[in-house]
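This report concerns only the one structure given below.
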Amino acid sequence: MHIPDGFLSPTICALTYVISIGFLVWSWRKARATYSRALTPLLAVSSAFIFAAQMINFPIAYGTSGHLVGGTFLSILLGPYAAILSMTIVLLMQALFFADGGLFTFGANVFNMAIIGGLSFFLIKFLTSDLKREKWLFPAVFAVSWLSVVLGALACGLEIGFSPVFSEAGGIAVTVPAMLFWHVLIGLGEAAITTTLVSQLQRLQPNVLNGLKILKGKPSEGIL
Amino acid sequence: MKGYFKALILILLCLAVLIPFASEFPDGLEKVAETLGVKENEPSWTGLMPDYKLPIIGTPYISTLAAGVFGVFLVFCITFMLGMILDKSKGKKT
């Protein structure tokens, strides 16, 4: 879902940069207000993991592939604000060193993957807020990580559809359904991987799930 | 801390094992662009390792693995610094 340079018009690039920078400033302030030093090694390892996981594309159907985005997963480990910052760094390194995602389109990529991914945390929180609904945790993780990819694809479809390169091909009426079609499927991969990772971590290393501690309202060393 | 280094080693091992199985198919967005006949221009900035390949290494597997190891350490270091900066500036108001 990394948009390369040349796909988006200057207006869309500028607009998405402004929106993303706004969210990043907000995340920065929120994250540092209550940051715990103990979170740093987990922040570094989980970000490195997401970088590695994004290199491994899995085939879905009809000669198309996808890979884990990992925004929802990071938010469960780090809380939403640090997750947004972490994912932004992964995307920045990909754009700077690996030509994966453009520099002018960086704002759009941050919005589609880092911000939507990080904010998806609040939906899990909403779905599982009631203690009686704690058993909904894994279904909620599955559904929300799927949705985070689909919403990212929707945003991406709108961004490219409103840009001249794609408006000749039919604009948003074509790009949005096409992006959604593939990412409804890719999202299932995201959901399966995220749910597996979270359930295994809960079994083996529950202490790293800082986001879950926030969800369940237990005192935590995490943020929030 | 020790556990986190173990996790880092585990990540690199998984990467080494999984790289040969990674799909070469276009991803969702590339597929959409392909279907609509939109061509990706030669980027103005290609980075040091375009497509996760270290250009000086000929063998594709080793080349991608080297780029992956580099990227994993790079992201690890930068986010570790992010954590330290967040910790240092904790509670400050601006």
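Just so you know, the protein sequences line up as chains A and B, in that order.
Each residue of the first sequence is one higher than the one before, starting from 1 at the first, in this note's numbering.
Each residue of the second sequence is one higher than the one before, starting from 1001 at the first, in this note's numbering.
Each residue gets a CB set at the ideal place from its N, CA and C atoms; glycine is no exception.
**Prompt:** Is there a Cβ from chain A that is less than 8 Å from the Cβ of P1060(B)?
**Reply:** no
DSSP state of T105(A) mapped onto helix, strand, coil
coil
Notebook entry, point to check: Are there 16 or more other CB atoms within 10 angstroms of the CB of P219(A), so buried, or fewer, so exposed?
Noted result: Residue placement at P219(A) is poorly supported in this model, since its pLDDT is 44, which falls under 50; the coordinates still yield a value, given next. Burial call: exposed.
Subject >> Beta-carbon separation (whole angstroms), L1029(B) vs M179(A), contact threshold 8 Å >> reply: 7 Å
Span of the beta strand (DSSP E), counted from its first residue to its last, around F166(A): That residue, F166(A), is in no beta strand (DSSP E); its alpha helix (DSSP H) goes P164 to S167.
Which residues, taken in chain order from the segment 44–62 of chain A, show a beta carbon closer than 7 Å to some beta carbon of chain B? From the segment 44–62 of chain A, only A44, V45, S47, A48, F49, F51, A52, M55, I56, N57, F58 and P59 have a Cβ closer than 7 Å to chain B.
- Task: Closer than 9 Å, Cβ to Cβ, to anything on chain D: give me those residues from the segment 170–191 of chain A, in chain order.
- Result: Chain labels in this structure do not include chain D; the protein chains are A and B.
Exercise for review: Mind checking who A61(A) pairs with in its DSSP beta bridge?
Suggested key: T64(A)
Problem set entry | Beta carbon of V291(A) nearer than 8 Å to that of V184(A) | As shown, chain A starts at 1 and ends at 224. That puts residue 291(A) outside it, with no answer to give.
*asked:* Distance cutoff 8 Å, beta carbons only. Does R32(A) sit that close to anything in chain B?
replied: Using beta-carbon distances, R32(A) counts as an interface residue toward chain B, with a partner under 8 Å.
Note to self: Quick check on L1048(B) - is its C-beta less than 8 Å from some C-beta in chain A?
What the structure shows: yes
- So does the segment 200–213 of chain A actually touch the segment 1067–1082 of chain B, counting three or more Cβ pairs closer than 8 Å? Contact between the segment 200–213 of chain A and the segment 1067–1082 of chain B is absent, because fewer than three Cβ pairs lie under 8 Å.
(request) Step through the CB atoms of chain B and report whether any lies within less than 8 Å of the CB of I3(A). (result) yes
Worksheet item: Grouping DSSP H, G and I as helix and E and B as strand, with all else coil, what is G222(A)?
Response: With a pLDDT of 39 at G222(A), under the threshold of 50, the modelled position of this residue cannot be trusted; read the value that follows with caution. Three-state DSSP puts G222(A) in coil, outside helix and strand.
| field | Strand pairing of D1027(B), partner residues [DSSP] | value | S65(A)
Return yes when the Cβ of L1012(B) is within less than 8 Å of the Cβ of L43(A), no when it is not. no
- Message: Is I1011(B) close to chain A? Criterion is C-beta to C-beta, closer than 8 Å.
- Response: yes
Quick check on F1005(B): buried or exposed, where buried means 16 or more other Cβ atoms within 10 Å of its Cβ? F1005(B) sits exposed, since fewer than 16 C-beta atoms from the chains shown fall within 10 Å of its C-beta.
What is the DSSP secondary structure of I3(A), counted as helix, strand or coil? coil
*Listing by chain order, which chain B residues have their CB less than 7 Å from the CB of C156(A)?*
Here the neighbours are L1029.
**Asked** Just by C-beta distance, which residues in the segment 141–154 of chain A are closer than 8 Å to chain B?
**Response** A153
**Asked** For C156(A), is the classification buried or exposed, using 16 other Cβ atoms within 10 angstroms of its Cβ as the cut-off for buried?
**Response** buried
Margin query: Can you find the residues in the same chain that come closer than 8 Å, C-beta to C-beta, to I21(A), ignoring five residues on each side of it along the sequence?
Written below: G107
Quick check: is the beta carbon of P10(A) nearer than 8 Å to any beta carbon in chain B? no
Q. Whose CA, out of F51(A), Y81(A) and Y62(A), lies closest to the CA of W26(A)?
A. Nearest of F51(A), Y81(A) and Y62(A) to W26(A), Cα basis: Y81(A).
Taking 8 Å as the cut-off, decide whether the C-beta atoms of A169(A) and V1038(B) are in contact. The answer is yes: Cβ separation under 8 Å.
Thinking R32(A) and L1086(B) are a contact (beta carbons under 8 Å), I'd like their distance in whole angstroms, please. 5 Å
Any C-beta of chain B within less than 7 Å: which residues of the segment 84–104 of chain A qualify? L85, S86, I89, V90, M93, L96, F97, F98, A99, G102 and L103
### Query
Does any CB atom of chain A fall closer than 8 Å to the CB of P1026(B)?
yes
Test: Y17(A) CB closer than 8 Å to a CB of chain B
no
Are the C-beta atoms of R203(A) and some chain B residue less than 8 Å apart?
no
ask   = Between the C-alpha atoms of T72(A) and S129(A), what's the straight-line distance to the nearest angstrom?
value = Answer to the nearest angstrom: the Cα atoms are 17 Å apart.
* Sub-8 Å separation of S75(A) and F142(A) beta-carbons -> Going by C-beta atoms, S75(A) is not nearer than 8 Å to F142(A).
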